[in-house]
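Quick note on this note's numbering: the sequence shown kicks off at 114 and runs consecutively.
Just so you know, even glycine gets a beta-carbon here, dropped at the ideal spot from N, CA and C.
A quick note: this is a predicted structure, and the numbers were derived from the prediction, not measured.
Remarks on the structure that follows.
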Amino acid sequence: MSNNVDMSPDEFRKHGYELIDWIADYFENIEEYPVLAKINPGDIKAKLPKSPPSKNESMEDIFNDIDKIIMPGMTHWNHPKFMAYFNSTASGPGVLAELLSAAFNINGMVWKSSPASTELEEVMMNWLRQMIGLPENFWGIIYDG
114 MSNNVDMSPD EFRKHGYELI DWIADYFENI EEYPVLAKIN PGDIKAKLPK
164 SPPSKNESME DIFNDIDKII MPGMTHWNHP KFMAYFNSTA SGPGVLAELL
214 SAAFNINGMV WKSSPASTEL EEVMMNWLRQ MIGLPENFWG IIYDG
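Here's what the structure looks like:
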């Protein structure tokens with residue numbers, strides 16, 4: 114295993130497909146998970162190394178850690194029986210859009226830093242305004258920290 118923190122395009126494809134398959138299986142079988150985590154404070158920390166790894170972990174080990182360490186500590190907001198707070202369910206298209214957004218690694222804070230992001234946001238916010246029946250003079254900016 115190399116100490117390179119990035120991966121080749123072929124490795125990215127391979128592990129990307131594996132992750133998409135994992136997510137699709139998660140969405141398909143979400144009802145099999147408990148809605149709330151059945152762990153105690155500190156359980157996750159106790160299973161994680163005390164020091165950072167000295168070399169890269171294999172993706173197989175990372176996927177195993179997700180299943181064995183992370184998943185038991187998850188509250189499953191997409192679970193059909195999750196009724197707390199606000200249920201902001203992730204959709205397949207939303208997850209794929211987040212993946213694309215992460216790949217672009219943009220900061221759409223102003224038009225100059227990302228014209229496409231800024232203009233797409235303006236159009237989509239106008240669509241949202243129309244979809245919920247607000248008047249044309251109703252507009253604004255969503256600030257997300």
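Quick one: measure Cβ to Cβ for residue i and residue j, integer angstroms, because I've assumed they're closer than 8 Å.
i      : j      : result
ILE182 : LEU161 : 7 Å
PHE140 : GLY205 : 7 Å
PHE199 : TRP135 : Not a contact, Cβ separation roughly 26 Å.
ILE157 : GLY186 : 5 Å
THR107 : TRP224 : Residue 107 is absent from the model: the chain starts at 114 and stops at 258.
HIS189 : VAL236 : Rounded, the Cβ-Cβ distance is 33 Å, inconsistent with contact.
Among the candidates the options, whose CA atom is the shortest distance from the CA of residue i?
i      : options                        : result
ASN220 : GLU234, TRP135, GLN243, ALA203 : GLU234
MET172 : HIS128, LEU149, THR188         : HIS128
HIS192 : ASP123, GLY207, ALA150, TRP224 : ALA150
LYS194 : TYR146, MET184, ASN239         : TYR146
LEU132 : LEU209, SER167, ALA203         : LEU209
ASN169 : MET237, ALA229, ARG242, MET120 : MET120
DSSP on residue i, reduced to helix/strand/coil?
i      : result
GLU131 : helix
MET120 : coil
TYR146 : coil
GLY155 : coil
ASN177 : helix
PRO165 : coil
GLU141 : helix
GLU170 : coil
Using 10 angstroms around the beta-carbon of residue i, count the other beta-carbons present and answer buried if the total reaches 16, otherwise exposed.
i      : result
PRO122 : exposed
Exercise for review: Pick out the complete alpha helix (DSSP H) segments inside the stretch 188 to 258, 4 residues or longer, and give them in chain order.
Suggested key: Listed in chain order, the alpha helix (DSSP H) elements of length 4 or more contained wholly in the stretch 188 to 258 are 205 to 217, 228 to 244.
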